[in-house]
Structure formats: C-alpha cells, structure tokens
Amino acid sequence: MQKVMEQPLAIRIFHWLFFGTALIVIFTSFLKVFRIGSVFGWPETTVSFYHQTSGFAFFYLIVFRVYYSLITGSWRQEIPTINEFKTAPAFLKYFSFLTETKPPVFPKYNIGQKLVFLSWAVLVILQTITGVILMFPIQTKPVVSFLFGSLQMVRLVHFLLFAYFFITVLIHIYLVFTEDPAKLQAMFTGYLKKKGEAPEKS
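Just so it is clear: in the sequence shown, position 9 is 35 by our numbering, and no numbers are missing.
So this is what it looks like as structure tokens:
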C-alpha cells in the first residue's frame with residue numbers, strides 16, 4: 027500500500043473555499059425562498075447581502091479555478107474524453123442501482139464527476155447573470171425583455187438552477203461517503219492510499 031499525492035494543496039484550498047461559499051449560498055437561498063430570515067433576526071437586506079456576496083465569491087472562485095486548470099494543465103484530467111463518454115451507460119446503470127458491476131475506473135475523476143463539475147461551472151455563470159438581473163431589474167430591463175420575456179421568468183430560471191445545484195451537491199456528498207471515503211481523506215491530507223503504486227513526489 028503506497029501513499030500517492032491525489033489532491034495538491036491548491037486543489038484542496040479551492041475545494042474547501044467552494045464548500046464554504048456553497049454552504050452560505052444554499053443556506054441564504056432557503057432563507058430567501060421561504061422568507062424565514064426573521065427567525066434569526068435578520069432583515070431581508072442582510073440575507074440578500076450574504077446571498078449576493080457568497081454568490082459573487084463562488085463566481086470568482088470558478089474563474090480562478092479555471093485559470094489554475096489552464097496554467098497547470100490539470101484540465102486534461104478534468105475534461106471528459108471520448109473514451110470516457112463511452113463509459114456513461116455503464117456509469118448510469120451502476121448509480122441507478124440497475125447493476126452491481128462498477129463502471130471502469132479512471133485515474134482521478136469518472137465521467138459522472140467530470141460532467142457534474144463542468145455543469146457547476148456553467149451553472150455559476152448563469153446564476154451570476156440572472157442574479158445580477160434580479161439585483162438591478164430596472165437597469166437590465168432590455169436584457170430581460172430580449173432573453174427571458176419577463177422578470178418572473180428570470181426568477182424561475184434562477185430558482186431551477188439553484189434546485190439543480192442543491193440536488194447534485196447532495197448526490198455528490200452521498201457518493202463521497204458511500205463509494206470511496208478515502209478520497210475525502212485526500213481532500214484533507216492530499217494523499218490517497220493505492221495498492222502497488224510508487225509514491226509520487228509532491
């Protein structure tokens with residue numbers, strides 16, 4: 027059994043910053059949707075401030091994360107390949123409980139993880155756009171009319187994107203604890219124990 031560097035320090039920092047900001051975004055989203063900020067003694071303006079600030083923080087983290095992937099070349103491990111797309115049916119069958127045969131194992135991320143991570147990047151961009159529109163409804167009225175038709179449609183899109191994000195985050199957490207808990211440890215220490223492999227130099 028050898029310890030292999032699985033998650034470099036920069037990736038771990040990004041991960042836990044994402045975790046923290048996502049937690050605030052999700053929490054304040056529920057406060058706004060169900061209008062229960064008063065339970066904590068927070069006025070609507072306070073809830074909106076934390077929601078908007080964490081949302082913008084998440085957006086900039088995505089920007090920096092993409093930049094990091096480009097300059098380090100780690101995008102090669104994060105963008106799905108044609109061969110990985112071919113494993114999608116096996117992946118869906120296994121995680122839909124239709125078979126006990128596990129899909130092929132790839133070096134770092136499987137096709138499901140890669141597609142979800144990419145979807146989150148796109149989602150955050152769309153959430154930022156719709157969020158800015160909701161912050162400045164009068165100034166963005168021409169954009170609303172051209173792209174969405176009405177401000178209510180912007181709210182609906184913003185909410186549906188949040189719902190997708192929340193559900194996929196829950197699935198991600200569930201799979202972390204049920205499929206390969208060792209990878210969670212790698213997000214703390216950076217190392218993953220693997221059989222028959224020589225340790226990499228960090």
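Backbone N, C-alpha and C define an ideal beta-carbon position, used for all residues, glycine too. Please read all numbers here as calculations on a predicted model, not as lab measurements.
The alpha-carbon separation between residue 29 and residue 210 amounts to approximately 14 Å. Close CB contacts of residue 213 within its chain, under the 7 Å cut and outside five residues either way in sequence, are with 33, 38 and 41 (chain order). For residue 140, the secondary structure class from DSSP, reduced to helix, strand or coil, is helix. Residue pairing by DSSP places residue 149 in no beta bridge whatsoever. If you ignore the 5 residues before and after residue 217, its C-beta comes within less than 7 Å of the C-beta of 29, 30, 31 and 32, all in its own chain and listed in chain order. Using a 10 angstroms sphere on the CB of residue 101, the tally of other CB atoms stays under 16, which defines it as exposed. In this structure, DSSP gives residue 29 an extended state, which the three-state scheme calls strand. The criterion of a C-beta distance shorter than 7 Å is satisfied by residue 137 and residue 113.
Here residue 219 is exposed. Its C-beta has fewer than 16 other C-beta atoms within 10 Å. Pairing residue 47 with residue 73 gives a Cβ-Cβ distance that is not under 7 Å. A distance of 7 Å or more separates the beta carbons of residue 147 and residue 129. Within the same chain, Cβ atoms closer than 7 Å to the Cβ of residue 50 are found at 76 and 80, the five residues on either side in sequence being excluded. The region 150-164 makes contact with the region 182-202, as at least three CB pairs between them are under 8 Å.
A direct Cα-Cα distance of roughly 21 Å separates residue 195 from residue 132. If you draw a straight line from the Cα of residue 44 to the Cα of residue 105, it is about 19 Å long.
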